[in-house]
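Everything below concerns the one structure shown next.
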Amino acid sequence: MMYTRSHGALRRSCFSRSNVLGGVAAALVSLSPQALQAAEGSGPISDFMTMDVCTQSDGSVAMGKIPGSPDCSSRRNIKPGEQPTYILQNFSGPRSKCAGGAVTKVNIPVTIGANTRITSSTFKAGCAGPQSVDDVEGVEDNGLSIQWYDKGYGFLMGSYSPVALSTFESDQCADSGGTSRRFFRGWVIAPATVPARGESGYGVFPSKLHNGQPSELPVACATRYNRGLTTWAVDDFTYKSDRRLLSIVSSHYSRSGEDGKGPGKAMQVEQTYWTREFGLSRWEKWAREDWVHPRSQKSAADLAQRLVSAGRCSRPELAAVRYNANLQVSGVSSEPNVYSRLVTDPSSGERHVWYMTLCEDYTNASPAAPKMDYIKSINGLANDIYWR
Numbered sequence: 368m369m370y371t372r373s374h375g376a377l378r379r380s381c382f383s384r385s386n387v388l389g390g391v392a393a394a395l396v397s398l399s400p401q402a403l404q405a406a407e408g409s410g411p412i413s414d415f416m417t418m419d420v421c422t423q424s425d426g427s428v429a430m431g432k433i434p435g436s437p438d439c440s441s442r443r444n445i446k447p448g449e450q451p452t453y454i455l456q457n458f459s460g461p462r463s464k465c466a467g468g469a470v471t472k473v474n475i476p477v478t479i480g481a482n483t484r485i486t487s488s489t490f491k492a493g494c495a496g497p498q499s500v501d502d503v504e505g506v507e508d509n510g511l512s513i514q515w516y517d518k519g520y521g522f523l524m525g526s527y528s529p530v531a532l533s534t535f536e537s538d539q540c541a542d543s544g545g546t547s548r549r550f551f552r553g554w555v556i557a558p559a560t561v562p563a564r565g566e567s568g569y570g571v572f573p574s575k576l577h578n579g580q581p582s583e584l585p586v587a588c589a590t591r592y593n594r595g596l597t598t599w600a601v602d603d604f605t606y607k608s609d610r611r612l613l614s615i616v617s618s619h620y621s622r623s624g625e626d627g628k629g630p631g632k633a634m635q636v637e638q639t640y641w642t643r644e645f646g647l648s649r650w651e652k653w654a655r656e657d658w659v660h661p662r663s664q665k666s667a668a669d670l671a672q673r674l675v676s677a678g679r680c681s682r683p684e685l686a687a688v689r690y691n692a693n694l695q696v697s698g699v700s701s702e703p704n705v706y707s708r709l710v711t712d713p714s715s716g717e718r719h720v721w722y723m724t725l726c727e728d729y730t731n732a733s734p735a736a737p738k739m740d741y742i743k744s745i746n747g748l749a750n751d752i753y754w755r
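For the record, in the sequence shown the residue sitting at position 253 is 620 according to the numbering used here, with numbers rising by one throughout.
Put into C-alpha cells, the structure is as follows:
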C-alpha cells in the first residue's frame, strides 16, 4: 500500500506517513486543542459516510431541520435504529416540474447481529420521494451500497450504482474465514483518519469485481486480483444545491500503471464525494478522451456534452492536484459545453484529457415523509453476507 500527503497549490507529495509518525506525535504535544484537531486531519471516515441529524439542546433529534442549513446549530451522526428526518435526492433537469429527482438516498448505519455497516440506499419513487413502504417494496430498481472501515481505510464492500450491482472482493479473502472481511478494502475510499483540508494521497489495492447478486458469488476466493489505482483529496466543494462542504473526493481508476503511481492504461474512473453532513453526496464517471461507449458507440466528448446539456449536475470546480511525481491532475477546464481535466505523467510527458460522462448530485435535501419507514425498507434490501 502507498500513502502520501500533499501540500501547496498543486499539493506536492512531500513525505510518506510511515516515515513521519514519530516526529508528528512529538510535535502535537505542544499544540492547542484546535490546532491539534487540524493537525490530526479531518476526523474519522465514518463521519463522512453517515448522514447527520440536527439536534436540540437536550441531544434529541430536531425534526424538520437539515444539516448545513442556518437553523441547524448542532448536529451528530444518525444512530442505528433512528429514522432519517430528511432525505437526499438527485436533481431533475431544468425543464422538469419536480423539485427532486427520481432517486432518493439515505446514508444510515444498520446493525445486523453483532456487526454494524453503513448503508447508502437507492430508492426509485418519483420526484417527491417515497411516502410509505408501499412505494418502494418490490421495486427492482432499489438497492443498497454497503460501506465500512478498518484501522487503515474506509471502503465500499458492495455497491448499487447507476452502472451495476457489484460486490468487491479483496485479497483479504483467503484469511477472512468465511466472514465479511472478504470484502474489506475491496473498493477503498480514503484513509480511516481523513487527511486535513488541502491534503491528498493515493494507493493501489488488489480487488476482484463481481457483478450481480451477492448470493451468486463463487465460494472460492479469486485466483487473480485487479490492481486499480485509488486517489483521494480533501477540500471544500460547492454542490449543485449551492452547499459548500468539506469533502473527500475519491477516484477509483479501473487499472493502475506498473509502478502503482498512475492510472496506466485505465480508460475510466468513478469519482465519489463524501461529506460530514450527508455521507455519500455525489457520484461521477469520467472517461479518457479515446474511450468509446461499447453500446452506443458515442465518444467520451459526445457523452460529456450530453451530460452538460441535461443540467442535472453542476460544474465540478476542482483544483489541480499533484499526487506524486508520476501523476498530476489539472483543475476542471473552463469550456462551456463539457467538463474535462488533463491527467499528466510529468516524468514521461504522457497526458490525456478525461471527460465527465455521468453524474448524480445527492445534496438535494428535503424533509422525509412522516409515514415512510426507511429502516424497514433497508432491512428488506440488506444482504447479510456483508454483516457476517
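Every residue, glycine too, gets a C-beta built ideally from N, C-alpha and C.
A distance below 7 Å between beta-carbons, with the five flanking residues on each side excluded, links GLY525 to the following residues of its chain, in chain order: SER512, ILE513, SER533, THR534, PHE535, PHE550, PRO581 and TYR753. Within a 10 Å sphere around the beta-carbon of GLN638 sit 16 or more other beta-carbons, which makes this residue buried.
Relative to the Cα of CYS588, the nearest Cα in the group SER715, THR598, HIS577 and ILE445 belongs to HIS577.
Burial of LYS575 is indicated by the presence of at least 16 other C-beta atoms within 10 angstroms of its C-beta. In this structure, the CA atom of ALA654 is about 9 Å from the CA atom of SER707.
In the three-state DSSP reduction, GLN456 falls in the strand class (E or B). Nearest to GLY629 by alpha-carbon distance, out of SER681, THR597, ASP603 and GLY579, is THR597. Around the beta carbon of CYS421, a 10 Å sphere encloses 16 or more other beta carbons of the protein chains shown; the residue is thus reported as buried. Considered as a whole, the segment 638-709 harbours 646-655, 688-691 and 694-696 as its complete beta strand (DSSP E) runs of no fewer than 3 residues, in chain order.
Judged by pairs of C-beta atoms under 8 Å, the segment 423-433 does not touch the segment 694-713, as fewer than three such pairs exist.
According to DSSP, residue pairing for GLN514 in a beta bridge involves ILE485 and LEU523. Per DSSP, the beta-bridge partners of LEU596 are VAL571. Its Cα nearest to that of PHE458, the residue SER608 stands out among PHE490, SER608, ILE412 and VAL477.
Its Cα nearest to that of ARG610, the residue ALA732 stands out among ILE742, ALA732, CYS465 and SER441.
Only residues of its own chain outside the window of five on either side were considered, and among them SER409, VAL601, ASP602, ASP603 and LEU613 have a CB closer than 8 Å to the CB of ARG564, listed in chain order. For ASN509, there is no enclosing alpha helix (DSSP H), since its DSSP letter is neither H nor E. HIS619 counts as buried, since at least 16 other C-beta atoms from the protein chains shown sit within 10 angstroms of its C-beta.
Distance from the Cα of LYS491 is smallest, within the candidate group THR483, VAL473 and THR478, for VAL473.
Its Cα nearest to that of GLU651, the residue ARG682 stands out among ARG643, SER663, ARG682 and LYS665. Our two residues, GLN456 and GLU449, have alpha carbons roughly 19 Å apart in a direct line. For ALA541, the secondary structure class from DSSP, reduced to helix, strand or coil, is helix. In the structure shown, MET430 falls within a coil segment according to DSSP collapsed to helix, strand and coil. In the three-state scheme derived from DSSP, where H, G and I count as helix and E and B as strand, LEU584 is classed as coil. Distance from the CA atom of LEU584 to the CA atom of GLU625, rounded to whole angstroms, is 29 Å. According to DSSP, residue pairing for ARG442 in a beta bridge involves CYS421.
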